[in-house]
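The structure appears right after this line, and notes come after that.
There are 4 protein chains.
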Amino acid sequence: MAIVLGPNQYGKAEVRVVAVDRSTPRHSLVDLNVSSSLRGDFTTAHTAGDNAHVLTTDTQKNTVFAFARDGVGSPEEFGLRLARHFAGSHDWITGARVAVESYGWDRIAVDGQPHDHAFRRTGGEVRTAVVTVDSSGGTLRTHVLAGLTDLVVLKTTGSEFWGFPRDRFTTLAETRDRILATAVTARWRYATPELDFDACFDGVRTALLETFAATHSLALQQSLFAMGRTALEQNPDVAEIRLSMPNRHHFLQDLSAFGLGNSPGADERLVYYADDRPYGLIEGTVLRDDAAPAEAAWLGTPGFC
Amino acid sequence: MAIVLGPNQYGKAEVRVVAVDRSTPRHSLVDLNVSSSLRGDFTTAHTAGDNAHVLTTDTQKNTVFAFARDGVGSPEEFGLRLARHFAGSHDWITGARVAVESYGWDRIAVDGQPHDHAFRRTGGEVRTAVVTVDSSGGTLRTHVLAGLTDLVVLKTTGSEFWGFPRDRFTTLAETRDRILATAVTARWRYATPELDFDACFDGVRTALLETFAATHSLALQQSLFAMGRTALEQNPDVAEIRLSMPNRHHFLQDLSAFGLGNSPGADERLVYYADDRPYGLIEGTVLRDDAAPAEAAWLGTPGFC
Amino acid sequence: MAIVLGPNQYGKAEVRVVAVDRSTPRHSLVDLNVSSSLRGDFTTAHTAGDNAHVLTTDTQKNTVFAFARDGVGSPEEFGLRLARHFAGSHDWITGARVAVESYGWDRIAVDGQPHDHAFRRTGGEVRTAVVTVDSSGGTLRTHVLAGLTDLVVLKTTGSEFWGFPRDRFTTLAETRDRILATAVTARWRYATPELDFDACFDGVRTALLETFAATHSLALQQSLFAMGRTALEQNPDVAEIRLSMPNRHHFLQDLSAFGLGNSPGADERLVYYADDRPYGLIEGTVLRDDAAPAEAAWLGTPGFC
Amino acid sequence: MAIVLGPNQYGKAEVRVVAVDRSTPRHSLVDLNVSSSLRGDFTTAHTAGDNAHVLTTDTQKNTVFAFARDGVGSPEEFGLRLARHFAGSHDWITGARVAVESYGWDRIAVDGQPHDHAFRRTGGEVRTAVVTVDSSGGTLRTHVLAGLTDLVVLKTTGSEFWGFPRDRFTTLAETRDRILATAVTARWRYATPELDFDACFDGVRTALLETFAATHSLALQQSLFAMGRTALEQNPDVAEIRLSMPNRHHFLQDLSAFGLGNSPGADERLVYYADDRPYGLIEGTVLRDDAAPAEAAWLGTPGFC
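Chains as they are written, first to last, in this note's numbering: chain U, 1 to 305; chain R, 1 to 305; chain F, 1 to 305; chain B, 1 to 305.
The following block contains the structure:
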C-alpha cells in the first residue's frame with residue numbers, strides 16, 4: 001500500500017474586476033468576481049515542491065485583468081475566453097474551470113432620465129456562470145453552466161402542505177394556506193457554448209420567477225419541479241437545471257393569549273414570525289431525458305448530487 | 001469612592017415580523033426587523049437580581065407581534081406606537097427606543113402584470129427608522145429618525161481628487177478622473193412626529209441619489225455635503241441628516257507590463273480592481289442652523305459624533 | 001435659516017497590518033486591524049471640494065504601516081503613537097481617533113514544544129483598543145479605551161429568572177434553572193494613558209470571566225453588574241466599563257409528544273434549542289462615582305449611552 | 001424527448017441542538033448544528049404535489065432533538081444513529097445524509113480551577129462529520145467523513161516560492177522567505193464506521209497541525225500533500241483525506257518611499273499587509289492506493305473533485 005496524490009486543482013479565487021466601457025458618453029460597466037482553477041499534472045509540486053508546472057495564481061489574476069481590458073461581454077463568454085486560454089497554455093494543463101459572479105447595476109434616474117455615468121447596485125440577486133474546459137483523454141470538451149443565487153421570493157397564499165406520513169416524531173399540523181418563501185439558487189447547463197447568453201439567462205430567470213408565482217403549490221418540491229420544467233420548455237438550449245431552494249419558514253404567531261385571532265380564512269391581517277434556522281432544504285434536478293450526462297460540467301460546483 | 005451603576009438599557013433585538021394584509025385579493029406585506037430597548041429605573045435588577053421592574057424582553061417581543069396584528073403602517077409609525085406604549089407602561093420606565101429595519105418586496109410580474117400575492121425581495125438597500133420616547137424630567141419628548149443603509153452607488157467618471165497636502169508618508173498620486181463608489185448609510189431627524197413618513201422617505205432618498213449622480217465631485221466630502229444639503233432643501237421637515245459613506249476604492253489595474261494601456265483619457269475601456277479593505281470612511285452631519293439640538297434622538301444609534 | 005455642516009470626521013478604516021519580530025529565532029507577531037479618523041477644520045472640502053486640509057486616507061494608511069515598522073507593542077500603545085502623530089501633524093487637525101482590533105495567535109505545539117515560527121489563530125474573541133486625542137479648546141486630552149468582543153460564555157445551571165411583572169402581553173414562565181449564554185462586548189476606560197496595558201487587559205478579562213462563572217445569576221443584568229464591579233475592584237486604573245451582553249436564548253425543547261421528559265431537576269440529560277433571533281440585549285455601565293466624565297473618549301464607538 | 005426529474009434530496013438544515021449532561025455536578029455539553037437529507041422515491045411530490053412519501057423536515061428536526069435526549073456521543077456517532085434511523089424508516093427512503101458541525105467549549109478557570117458548569121466557546125475552528133447511508137441497490141453502505149474547517153495557521157518563515165514558469169502575464173517575483181498562511185478545511189473518510197471517533201479526530205488534527213509547522217515549504221501544494229500524507233501514515237483507519245487550503249496572502253509592504261527597509265534577511269522587523277481578496281486556493285486529495293473508491297461518501301459535500 002502506498003499513500004498517493006489524488007485529484008487536485010489550484011487557482012486564484014475572487015478576483016474582483018470592474019470593467020468600464022467609456023467609448024460613448026453613455027458609459028457601461030460590468031462588475032465581476034472571477035475564480036479560476038487549473039487541472040493537470042501538478043504532482044511534483046505536491047511531492048517535491050517543484051513549481052515548474054505551476055502557472056502561478058498571481059499570473060491567473062493578471063490574466064483576468066488583461067483579458068478584461070479587451071472587453072468582457074457576458075459572464076459566460078468571459079469565462080470561455082479565460083478557460084480556453086488556461087487549458088491551452090501549457091501541455092501539462094489539461095483542464096480549467098472559471099467561475100464568475102456578476103453583480104448588477106442600474107442607472108440612477110435624475111429628473112426621470114437614466115444617468116450616463118452614475119449607477120446603483122441592484123443588490124441581492126447574483127448572476128453566476130461556470131465554464132469548464134477539459135482536454136484530458138485527448139478530446140476537448142467545453143461545458144457552460146449559467147445560474148443565479150439569492151433570488152428571494154415569497155407567496156402570501158397559494159401554498160398548502162398536507163398528506164404527509166406521520167411517525168412517532170411527527171407533530172406538524174397540516175395546512176391549506178401558508179406563506180411559501182425561498183431563496184432560489186439555480187444552475188443550468190447549456191447544450192452548446194455558442195449562444196446569446198444574456199438572452200438565455202433572461203429567459204430562464206423569467207421562467208423561474210413566473211412559474212414560482214403562478215404555481216399553486218402543494219409542496220415546495222412541486223414548485224421546484226414546475227420551475228425547472230418551465231425553464232427547460234421555454235429554453236431549448238438548456239439541457240438540465242439544478243435547483244436548491246431553502247424553505248424559509250414563516251410561522252403564524254400564536255396571538256390567542258392576547259385575545260387576538262391570527263388564522264388564514266378567519267382573519268384578513270396575519271402576523272408571521274420569519275425564522276432563521278433551521279430551514280427546510282429542497283434540492284432537485286430537472287433534465288431532458290435525452291441529454292447526455294456531463295458530470296464534468298459540475299465538478300467543483302457546490303451541489304447535492 | 002464607590003462603584004455604581006451608570007446608564008443602562010435592555011430590550012429585545014431583531015424580532016423578525018412579517019405582516020400580511022389580505023383584505024383584498026391584492027395582498028400586501030411588510031417585512032420588519034424590530035428591536036426595542038427600555039430605559040428607566042432598573043437598578044435593583046443589576047444590584048440584587050430583583051426583577052420587579054423588568055418588563056421582560058419576551059413580553060416586548062409579544063407586544064411587537066400583537067401590535068403588528070392591528071396593521072403596521074410605515075416603520076416610523078409602528079415605532080411610534082411601540083415606543084409610546086413601552087414608555088407609558090410602568091412608572092419606572094422613563095424612555096423607550098424602537099429601531100426598525102424594513103425590507104422591500106416587489107410584486108413578481110407574470111405576463112407583464114404584477115402578481116396579486118407573489119413577491120420578490122428587492123435586496124440590498126434597507127430602510128430604517130429609530131423612534132425614541134423620553135419622559136425623564138417630567139416632559140415627554142418624541143424623536144423620529146428615518147434612514148437607509150447599503151445604498152450602493154458608483155460613478156464611472158465625474159470624480160477628481162487633488163490639491164491635498166503631502167507629508168513624509170504621502171505617496172498618493174493626484175487624479176482628475178476616478179471611479180467614485182460608496183455604500184450610503186444615512187439617518188435623518190424629523191422636526192415633528194406628525195408626517196407622511198413614506199412620502200418624506202421617498203423625498204430624501206431621491207435627493208440623495210440624484211445629487212450623488214449630478215455632483216461633479218472634487219472630494220467625497222463634497223458629494224456628502226451636497227447630498228445632505230439637497231435633502232434638507234427639498235424636505236423642510238428634516239432638521240438634520242447624518243451620512244456615513246465608505247470610499248470603496250476602485251484602483252486602475254496597472255497593465256503596462258502586458259503592453260496594455262489603462263488610463264482615463266487615453267483609453268476607452270478601463271479595468272479596475274475593486275478592493276475590500278482598507279477603505280476610506282467619510283462621515284458628516286448637515287443641519288439647519290436653527291435646529292434645536294436633540295442628542296437624545298441619536299442615543300444608542302451607531303454613529304460618529 | 002441656513003443649511004450648514006455639522007460634526008464630521010474622516011479616515012482610513014480597516015488597515016490589516018501584520019508585524020513580525022524576527023530578531024531572535026523565536027519569532028513573534030501582532031495581527032491588527034487599524035482604523036483612524038481625523039477631526040478638525042475640513043469645512044472647505046465639504047463646501048467647495050478644496051482638499052488643502054485633507055491629509056489623505058491613503059497617507060493615514062501609509063503611516064500605520066510605517067509606524068508598525070518600528071515595533072507595535074500593545075494595541076493601546078500603537079493607537080497612542082498614531083493618534084498623537086495625527087493630531088499634532090497640522091494645525092487644522094484638532095483630534096484623532098484610532099481604533100484597533102487585535103487577533104490572537106498561539107504557537108503550534110510540535111512534539112509538545114511550542115514552535116518558533118508556526119502559529120494558530122486562537123479564533124473568536126477579539127481584543128480592542130480605542131485611543132482618542134483631542135486638542136480642541138487649547139487643552140490636550142488623551143483617552144484610552146480597552147476592550148474585547150465576542151467572548152462567548154455559557155452556564156449550564158446557576159441561572160434563574162423570575163419575579164418579573166406581568167402585563168397583557170406576558171406569557172413567559174418563570175424559571176429557577178436555565179442556561180445563561182452571552183457574547184460579551186466590553187469596553188473600559190483607563191484613568192491614565194501610562195499603564196502596562198497588556199497586564200491591565202489580562203486583569204479585566206480574568207475578572208469578567210471568573211465573575212460570570214462564579215455568579216449565581218437571578219438576571220443577566222445582575223451578572224453584568226457583578227462582572228463590571230469586579231473588573232473595577234480588581235483593576236484600580238479602570239475608571240468605567242461598558243458592557244453589552246446579548247442574551248443568547250437556549251430553550252428547553254418540548255419532547256413530551258415523544259414520551260420524553262426534558263426538565264431540569266427531573267432529568268439529567270437536557271436538550272436545548274439554541275435560537276438565533278430575536279435575542280435579549282442587556283447593556284450597562286459600571287463606574288466609579290468619582291470618575292470625571294469623559295464622553296469624548298466614547299465618541300464614534302458603537303454603544304448605547 | 002421528455003423533461004424528467006433527476007437526482008433530488010430534501011431535509012432540514014441547521015438544527016441547533018445543545019445537549020447537556022448533568023448526571024454529575026461536573027456538567028458537560030455538546031453544541032451541534034445538524035443537517036439531514038433524505039434520498040429515495042419522492043417523485044410524486046415533485047410531479048403532483050403528493051406528499052405521501054415526504055417524511056417532513058419538521059419530523060426530521062424533532063428526531064434530532066429526541067435522539068439527542070438519549071445522549072449524543074461524538075458527532076460521527078450521532079450522525080450514524082440518525083442516518084440509519086432515517087434510511088430505515090420507510091421503504092421508499094433509500095438513503096440519508098447527516099452533516100454535523102460541532103462547536104467546542106472549554107471550562108472557564110476560576111482561581112485556577114476549571115469550573116463545573118461555566119464554559120467559554122473556543123471560537124474559530126469547527127469540527128465536522130458527514131455520515132451517509134445508502135441502501136439503494138439492495139446493499140447497505142455506510143460512509144463516515146470526519147473533518148474540520150477554519151483551522152487558521154501561519155508561518156513567519158520557512159516558506160519559499162520560486163521556479164515557476166513565466167508567461168506574458170507573469171509579473172510575480174520569486175521569494176525565498178515569505179509568510180505562509182491558510183485556513184485549513186479538511187475532510188477525511190474512515191475505512192470503517194466502528195472507531196473511537198474522538199481519538200481519531202485528535203490524531204488527524206495533530207498530524208495536520210504538526211506537519212504544517214514542521215514542513216519547510218516550497219509550495220503550499222507541498223505542505224498540503226505532506227499534511228495529508230502524515231495524517232494517513234499516523235492514522236491507519238483513514239482511507240483518504242481531502243484538503244482545501246486558501247493561500248491567505250501577506251504581502252511585504254513597500255516602505256522604501258519613507259526611507260525604511262522591509263526585507264527578510266536585511267531587516268528583523270517586517271511589516272505585512274494581510275489581503276482579503278483575491279486569494280490562492282489549493283485543493284487536493286491524498287489517499288491510500290488500495291482504498292476502494294467511495295464517491296457516495298462525498299455526495300453533497302462541497303468540494304473540488
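Idealized CB from N, CA, C, for every residue including glycine.
Which one or two residues does DSSP pair with residue i in a beta bridge?
i, result
"F/W105", "F/R121"
"R/K12", "R/S36, F/G280"
"F/R97", "F/S37, F/T132"
"F/Q113", "F/V110"
"R/S28", "R/D21"
"B/R189", "B/L145, B/E240"
"R/R288", "F/I3"
So residue i contacts chain B; which residues on that side make the cut at Cβ distance below 8 Å?
i, result
"U/K61", "P278"
"F/G124", "R121, T122, G123, G124"
"F/G318", "Here chain F comprises residues numbered 1 to 305, so residue 318 of chain F is not present and cannot be evaluated."
"F/A219", "Near F/A219 there are no residues of chain B at all, since even the closest Cβ is about 17 Å away, more than 8 Å."
For a test of your reading of the model: does the CB of residue i fall under 7 Å from any non-hydrogen atom of the ligand COA? Yes or no.
i, result
"F/H85", "Ligands displayed in this structure: none; no statement on the ligand COA is therefore possible."
In chain R, what lies closer than 8 Å to residue i by C-beta?
i, result
"F/A314", "In the structure displayed, chain F extends from 1 to 305; residue 314 of chain F sits before or after that span and is not available."
"F/H250", "Ordered by position in chain R, no residue passes the 8 Å Cβ test against F/H250, which lies about 14 Å from the chain."
Going along chain F, which residues have a C-beta under 8 Å from residue i?
i, result
"B/D21", "E268, R269"
"B/L29", "L154, T156"
When you compare only the Cα positions, how much space is there between residue i and residue j?
i, j, result
"B/G112", "F/L208", "14 Å"
"U/P264", "U/G228", "29 Å"
"R/G163", "F/R39", "19 Å"
"F/A266", "R/A183", "54 Å"
"R/S35", "U/R121", "27 Å"
"U/N51", "B/L220", "10 Å"
"F/D150", "F/P75", "17 Å"
"U/Y190", "U/A83", "16 Å"
Since residue i meets chain U, which of its residues come closer than 9 Å, beta carbon to beta carbon?
i, result
"B/W162", "N51"
"B/A2", "R288, D289, D290"
Could you tell me which of the options sits nearest to residue i, measuring between CA atoms?
i, options, result
"U/P165", "B/H143, B/H90, B/T215, B/A231", "B/H90"
"U/R205", "U/E125, U/H115, U/N247, U/S28", "U/E125"
"F/P25", "B/D289, B/E268, B/L299, B/E210", "B/E268"
"R/G11", "R/I3, R/A2, R/T63, R/P75", "R/T63"
"F/L281", "F/S37, F/A96, F/L180, F/G147", "F/L180"
"U/D167", "B/V30, B/H53, B/L270", "B/H53"
"U/R107", "U/V100, U/E101, U/H115", "U/H115"
"F/F304", "F/D290, F/D254, F/I241", "F/I241"
"F/G73", "F/K155, F/D58, F/S28", "F/S28"
What does residue i reach in chain F if we use C-beta pairs closer than 9 Å?
i, result
"U/F308", "It is not possible to answer for residue 308 of chain U, since the shown part of chain U is limited to 1 through 305."
"B/R176", "Here the premise fails: no neighbours, minimum Cβ distance about 14 Å."
"B/Q253", "V17, N62, F65, A66, A68, R69"
In chain B, which residues lie less than 9 Å from residue i when you measure between Cβ atoms?
i, result
"U/Q9", "L281, I282, E283, G284, F304, C305"
Listing by chain order, which chain F residues have their CB less than 7 Å from the CB of residue i?
i, result
"B/W92", "Result: empty, since nearest Cβ-Cβ is about 23 Å, beyond 7 Å."
"R/L180", "Near R/L180 there are no residues of chain F at all, since even the closest Cβ is about 12 Å away, more than 7 Å."
By the criterion of Cβ-Cβ separation under 8 Å, what are the contact partners of residue i in chain U?
i, result
"R/F212", "I108, A118"
Going along chain B in order, which residues have a C-beta closer than 7 Å to the C-beta of residue i?
i, result
"F/N262", "R69"
**Q.** Unbroken stretches of the beta strand (DSSP E), 3 residues or longer, contained in the stretch 115-187 of chain B
**A.** 126-134, 141-155
Q. What are the complete alpha helix (DSSP H) segments, minimum 4 residues, inside the stretch 197-284 of chain U?
A. 197-214, 220-234
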